[in-house]
Amino acid sequence: MQDAALHGAQVPSRDAILDAATALMARLGYAGTSISKISAASGAPVSSIYWHFGSKDGIYLAVLRRARQYLVGSLPGTRPAGDAVRERLTAFLDGASAAFEHHPHDLRLVLGLGMLEEGMGAAAIEELAQYRVALRQWATDSLGHVFGLADRPAIADELARFMLSVVGGTAMARWFDGPVTPLPVPQLCVALLALARHHGLPVDEDRA
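Set out below in structure tokens:
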């Protein structure tokens with residue numbers, strides 16, 4: 001920071017550094033992203049990056065925390081509107097898909113893909129674990145409302161786990177193919193309804 005100030009240069013903000021680091025880590029992963037690459041992408045001197053974050057692990061942890069806050073904050077509420085199961089399920093999945101589409105970098109960063117990275121610190125692994133707990137609770141609560149499972153939480157949890165496995169697979173595909181792979185909402189809706197029927201839930205009451 002002092003180096004830049006001495007030369008009269010405007011140092012990019014902490015958020016600007018995080019923006020650059022997020023884009024790089026979402027594309028290249030933790031191992032493929034270096035401090036020098038973040039410096040080049042953000043325009044911030046290496047000394048400024050170290051001043052803000054202390055280390056590469058510090059940057060990665062900050063990136064994960066912000067990604068979790070942004071993505072969790074954009075998720076729809078846990079009581080999707082609709083009088084019938086299909087209406088509620090469609091509203092829930094459309095809202096979830098919109099949130100994931102709005103934060104493609106965050107989705108790729110936090111949906112477990114970081115667990116594949118070597119050299120991550122314990123704090124980053126814990127951050128990913130906390131995110132997955134929060135996401136699973138959101139999905140369980142939402143699907144519990146969709147299917148009326150207040151007294152059957154184990155089934156809501158099973159449905160949530162299945163849904164998140166599909167979301168995780170989509171994130172994995174995007175890791176390799178980019179954002180051309182959308183969340184398969186129609187197919188996911190069919191599959192969740194089929195799982196609900198398997199458990200004897202009344203999901204066909206809204207059929208004509």
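Numbering follows the UniProt record's numbering, with no gaps: position 117 of the sequence shown is 117. For every residue, glycine included, the Cβ atom is placed at its ideal position computed from N, Cα and C. Treat the numbers as computed from the prediction; the structure is a model and nothing was measured.
- Counting only runs of 3 or more residues that sit fully inside the UniProt domain "HTH tetR-type" (11-71), no beta strand (DSSP E) segment turns up.
- Around S39, the same chain offers P45, V46 and I49 as residues with beta carbons nearer than 7 Å, after the five sequence neighbours per side are excluded.
- The shortest C-alpha to C-alpha distance from A31 to any of I17, G43, Y60 and D15 is the one to Y60.
- For H145, the enclosing alpha helix (DSSP H) stretches over residues A122 to F147.
- If you draw a straight line from the Cα of M163 to the Cα of A122, it comes to about 27 Å.
- Annotation for H102: the continuous alpha helix (DSSP H) segment containing it runs V85 to H102.
- Nearest Cα to S13 within the set A26, A41, T33 and S34: A41.
- Between the segment 22-29 and the segment 86-94 there are fewer than three C-beta pairs closer than 8 Å, too few to call the two in contact.
- Judged by DSSP in its simplified three-state form, P76 adopts coil rather than helix or strand.
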